[in-house]
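Undergrad: Sharing a structure below in structure tokens format, with a few things to ask.
There are 2 protein chains.
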Amino acid sequence: MIDAAAAVFARLGYDRARMSDIVQASGLSKGAVYFYFDSKESLAVAVLASRQEQWITGVAQLLAAAEPGLPRLRALLPAMLTLHRRDPDAWVIARLSQTLAQTEATRDVAAASMRRWIDLVAEVISSADPPEGTDPRDLARVVVGAFDGLKTLIDIVGEDPASVQHELARAGALLERMLIATISR
Amino acid sequence: MIDAAAAVFARLGYDRARMSDIVQASGLSKGAVYFYFDSKESLAVAVLASRQEQWITGVAQLLAAAEPGLPRLRALLPAMLTLHRRDPDAWVIARLSQTLAQTEATRDVAAASMRRWIDLVAEVISSADPPEGTDPRDLARVVVGAFDGLKTLIDIVGEDPASVQHELARAGALLERMLIATISR
DNA sequence: CTTATTAAACCGACCGCCCGGTCTATTATG
DNA sequence: CATAATAGACCGGGCGGTCGGTTTAATAAG
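So the sequences go chain by chain: G and A. Letter 123 of the first sequence, counting from 1, is numbered 123 in the working numbering, and no numbers are missing. Letter 74 of the second sequence, counting from 1, is numbered 74 in the working numbering, and no numbers are missing.
Below, the structure is given as structure tokens:
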């Protein structure tokens with residue numbers, strides 16, 4: 001059911017997603033959905049937590065295959081792209097965080113979710129021994145933010161979903177190049 | 001009135017912005033607003049066009065002060081940051097484009113708006129003589145997308161508006177460094 | 001094996017509110 | 001008086017959320 005909601009949120013965004021859409025996608029009924037979740041908002045929080053977990057463990061798993069340091073850093077963007085190719089809905093964490101951060105009650109979970117993700121990237125960057133005066137967390141923010149922004153931008157200007165996937169891979173590779181160029185002295 | 005609408009859209013986003021909010025912010029009445037605009041959607045399109053114009057001419061003006069080539073490229077991120085500091089609402093173009101791109105009727109204007117902006121950045125990058133095999137348009141996409149993503153991300157994890165401004169400047173400087181490192185051989 | 005009992009799971013018609021949009025009355029302008 | 005501009009009460013539809021009732025499944029009792 002969380003899967004169905006994630007797909008709908010990913011497709012329409014939180015505000016445009018109607019409860020009826022989610023109900024229909026889940027194959028259940030309105031009563032069943034509200035049996036498990038208090039509100040649309042709490043459902044969104046659950047989706048955020050679920051996909052966040054899925055995303056982070058997925059990336060971490062792929063990163064673990066590369067040895068620490070520069071090789072692992074080089075594996076970062078490819079891992080993100082692989083995850084995104086495997087399940088584009090997982091990146092709903094970015095859109096949901098954006099929306100949930102606007103509401104007082106859910107701002108903290110949204111921020112915490114993003115911070116956790118930044119921390120993981122910062123860890124990888126840090127292990128690659130960046131030059132003096134380069135804060136790994138700053139770089140991590142740029143990478144995470146840039147990936148999100150690129151996905152958004154390409155979704156807007158892209159033609160069809162297939163080309164979007166391709167364009168994102170292209171942009172991801174370039175972002176990686178920029179990251180490496182910055183870190184190597 | 002477009003200014004008022006822009007402010008509201010920037011603060012709440014298209015979907016959460018209520019017509020009553022915009023009416024109140026404009027200091028006019030509902031009748032007056034609908035005398036000038038057919039719908040909420042067309043109002044959003046007008047806001048997008050207005051701020052896009054404002055943003056592009058503003059950046060272009062700042063860029064014109066620097067001589068073409070690398071100096072002008074170096075002026076790009078500072079110009080964007082200056083514009084953003086001068087009027088953070090102007091960056092509502094990114095959020096509005098995202099939303100309007102979801103609707104069939106307005107998808108093209110949203111995409112066109114973003115493409116125009118990418119074109120300008122690509123032009124600047126191109127004039128800085130990037131190495132072989134580096135597509136200026138690809139780089140431009142990364143810069144534009146990254147800036148948008150960074151603004152979004154920092155809005156989420158940032159504490160107060162003042163620190164957001166500062167963090168964005170910091171991230172922007174880093175993004176510039178990455179861009180220069182990539183372009184210089 | 002059958003039947004009785006119970007509670008969790010599920011259904012979908014329904015509700016009240018709120019929002020985008022309309023419309024008529026009124027005011028300003030010339 | 002004519003016209004443009006504005007006001008704000010009003011409306012219909014759609015939305016998130018509710019609630020009484022029904023099915024399902026697990027367990028106990030005979």
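We put the beta carbon where it would ideally sit given N, CA and C, even for glycine.
1) Considering only the beta carbon of each residue, do L77 (chain A) and V124 (chain A) sit closer than 8 Å?
2) Quick one: what does DSSP say D38 (chain G) is sitting in, helix, strand or coil?
3) What do you get for H84 (chain A), buried or exposed, if any count of 16 or more other CB atoms within 10 angstroms of its CB means buried?
4) At the 8 Å Cβ level, is A110 (chain G) part of the contact set with chain A, yes or no?
5) Under 8 Å by Cβ, that's how I've got L150 (chain A) and L168 (chain A) pegged, so tell me the actual separation to the nearest angstrom.
6) Which term fits G13 (chain G), buried or exposed, when burial requires 16 or more other beta carbons within 10 angstroms of its beta carbon?
7) With H, G and I counted as helix, E and B as strand and the rest as coil, what does DSSP make of T57 (chain G)?
8) Whose Cβ in chain A lies nearer than 8 Å to the Cβ of F147 (chain G)?
9) Are the CB atoms of T106 (chain A) and D15 (chain A) nearer to each other than 8 Å?
10) In this structure, does DSSP put T82 (chain A) in helix, strand or coil?
11) Can you tell me whether M19 (chain A) is helix, strand or coil according to DSSP?
12) Which residue comes first and which comes last in the alpha helix (DSSP H) that contains S126 (chain G)?
13) Output yes if chain A places a C-beta closer than 8 Å to the C-beta of M178 (chain G); else output no.
14) Please compile the residues from chain A whose C-beta is within a distance smaller than 8 Å of the C-beta of R115 (chain G).
15) Within 10 Å of its beta-carbon, does R141 (chain G) have 16 or more other beta-carbons around it, so buried, or fewer, so exposed?
16) So for E132 (chain G), helix, strand or coil by DSSP?
17) Are the CB atoms of L70 (chain A) and A128 (chain A) nearer to each other than 8 Å?
TA: The relevant details are as follows:
1) Contact: no.
2) D38 (chain G) falls in the coil class under three-state DSSP.
3) H84 (chain A) is buried by the Cβ-count criterion.
4) At least one chain A Cβ lies under 8 Å of A110 (chain G).
5) Correct: roughly 6 Å between the Cβ atoms.
6) It counts as buried.
7) Helix.
8) Residues of chain A whose Cβ lies closer than 8 Å to the Cβ of F147 (chain G) are, in chain order, G149.
9) No.
10) Note: T82 (chain A) maps to helix in three-state DSSP.
11) If DSSP states are grouped into helix, strand and coil, M19 (chain A) belongs with the helices.
12) Segment 107-127, the alpha helix (DSSP H) holding S126 (chain G).
13) Closer than 8 Å: yes.
14) Within chain A, the residues near R115 (chain G) are V157.
15) Classification for R141 (chain G): buried.
16) DSSP places E132 (chain G) in coil when its eight states are reduced to three.
17) It is a contact, given that the beta carbons lie within the stated cut-off.
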